[in-house]
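Residues in the sequence shown are numbered consecutively from 1, following full-length UniProt numbering. Just so you know, even glycine gets a beta-carbon here, dropped at the ideal spot from N, CA and C.
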Amino acid sequence: MTSTETGNDPRAELDAFHERRRRAVTSRQGNLALVNTQWITGDPDAAAQPVWGVPGLWSPLPKGVSGLKVTAAASEGIVVDGELVDGETIVAGKDSINPSSIVFDDTTTGYVIASDDGDYALRVWDAASEAIGDFGSIDAFPYDPEWVVEANYTPIEGGSIVGIEHLKDEGRTRDKVVPASITFSKDGVDYDLAAFQDDGGLLLVFADATNGDSSYSVGRFMRVTPGQNGTITLDFNRAYLPPCAFSYNFNCPMPPAQNRFAVPIEAGEKNVLARNGELLH
Numbered sequence: 001m002t003s004t005e006t007g008n009d010p011r012a013e014l015d016a017f018h019e020r021r022r023r024a025v026t027s028r029q030g031n032l033a034l035v036n037t038q039w040i041t042g043d044p045d046a047a048a049q050p051v052w053g054v055p056g057l058w059s060p061l062p063k064g065v066s067g068l069k070v071t072a073a074a075s076e077g078i079v080v081d082g083e084l085v086d087g088e089t090i091v092a093g094k095d096s097i098n099p100s101s102i103v104f105d106d107t108t109t110g111y112v113i114a115s116d117d118g119d120y121a122l123r124v125w126d127a128a129s130e131a132i133g134d135f136g137s138i139d140a141f142p143y144d145p146e147w148v149v150e151a152n153y154t155p156i157e158g159g160s161i162v163g164i165e166h167l168k169d170e171g172r173t174r175d176k177v178v179p180a181s182i183t184f185s186k187d188g189v190d191y192d193l194a195a196f197q198d199d200g201g202l203l204l205v206f207a208d209a210t211n212g213d214s215s216y217s218v219g220r221f222m223r224v225t226p227g228q229n230g231t232i233t234l235d236f237n238r239a240y241l242p243p244c245a246f247s248y249n250f251n252c253p254m255p256p257a258q259n260r261f262a263v264p265i266e267a268g269e270k271n272v273l274a275r276n277g278e279l280l281h
């Protein structure tokens, strides 16, 4: 059922969506606050490594153990899971049942992420980052009802695997599970899109003819939710910029070939703008 059918104003709902996005990207651990992602790899028994921008020395753990080890004096002020570090502490990764939280100072926080290969990185967030200070707005196309598309959602038994490239992976692919086929026709063209499982939901990563012209060059994201009747609504007005549009410290997935539109999709977010109206980066 569409917003119009429920009596809601789709433009007002879109304005509320954009405001939620603005608050999210400027939050304490929003996209603009990420100032470092540093992978800590190698021999767990070798010398520990410093991480740019924060105190302590950081070491990998044995393979199969979630997280990193930090070594610090109490005077360095690192707090892990509410406890001041004075010596060595294990910082559990986001893949753990109980992931750790890290506080470095009043504005700087962190946590540990895992790769598909079982390596770990420290992510550092600064609520007073230069990017947050320079941020002006997220530029977006006006609402366009023509880009609210009703598509067919056909589950694939067992799912299919699609190799997804990431921005910093130098052409290597990561296998992602695509649970269904998303198909529709528009303006005489048939589409069969791949939305993969991500953070408990479905993420559609797509590119179109506006990329590098009027919208961010890498592509855009859209969260999608299947209906209960074999359909799915693709509201491209809710397309949003990937995290790498806000910080170089993210490594975003790239659109697979079947999600690359030859036509311009003039709906959704366009670019991140600085206070002076220029591109933020």
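- Cβ atoms of THR154 and ALA131 stay farther apart than 8 Å, at about 41 Å.
- Each residue's CA atom was taken as its position, placing GLY163 and GLY219 some 17 Å apart.
- Look at ASP134 here: in three-state DSSP terms it is helix.
- Going by beta carbons, ILE138 and LEU241 fall inside the 8 Å limit.
- LEU204 and SER75 have their C-alpha atoms roughly 46 Å apart.
- Between LEU32 and GLU165, the alpha-carbon positions lie close to 23 Å from each other.
- Taking C-beta separations shorter than 8 Å and ignoring five residues to either side along the sequence, the partners of ASN276 in its chain run GLY136, following chain order.
- Each residue's CA atom was taken as its position, placing GLY230 and ALA195 some 15 Å apart.
- In this structure, the alpha-carbon of ILE265 lies about 24 Å from that of ASN251.
- Between VAL124 and GLY110, the beta carbon gap of about 5 Å places them in contact (Cβ cut-off 8 Å).
- Under the criterion of beta carbons closer than 8 Å, GLY56 and ALA72 qualify as touching, at roughly 4 Å.
- For LEU34, the secondary structure class from DSSP, reduced to helix, strand or coil, is strand.
- Excluding the 5 residues flanking it on each side, ALA207 has same chain C-beta neighbours closer than 6 Å at GLY219, PRO255, ARG260, in chain order.
- Close CB contacts of LEU61 within its chain, under the 8 Å cut and outside five residues either way in sequence, are with PRO44, GLY67, LEU68, LYS69, ILE90, TYR120 (chain order).
- Between the C-alpha atoms of HIS281 and SER217 there is a straight-line separation of about 12 Å.
- Rounded to whole angstroms, VAL35 and THR108 show a C-alpha spacing of 10 Å.
- Secondary structure at PHE261: coil, using DSSP grouped into helix, strand and coil.
- Note that the C-beta distance between VAL112 and GLY93 is below 8 Å.
- The beta carbons of TYR143 and ARG11 sit closer together than 8 Å.
- When DSSP states are grouped into helix, strand and coil, ARG11 belongs to the helix group.
- In the three-state DSSP reduction, ASN152 falls in the strand class (E or B).
- Proximity to ASN98 across ASP105, TRP58, VAL65, ASP117 peaks at VAL65, based on C-alpha coordinates.
- Counting only residues of its own chain and dropping the five nearest sequence neighbours on each side, CYS244 has a CB closer than 6 Å to the CB of LEU167, PHE250, CYS252.
- A direct Cα-Cα distance of roughly 32 Å separates ASN237 from ASP116.
- In the structure shown, VAL25 adopts helical secondary structure according to DSSP, grouped into three states.
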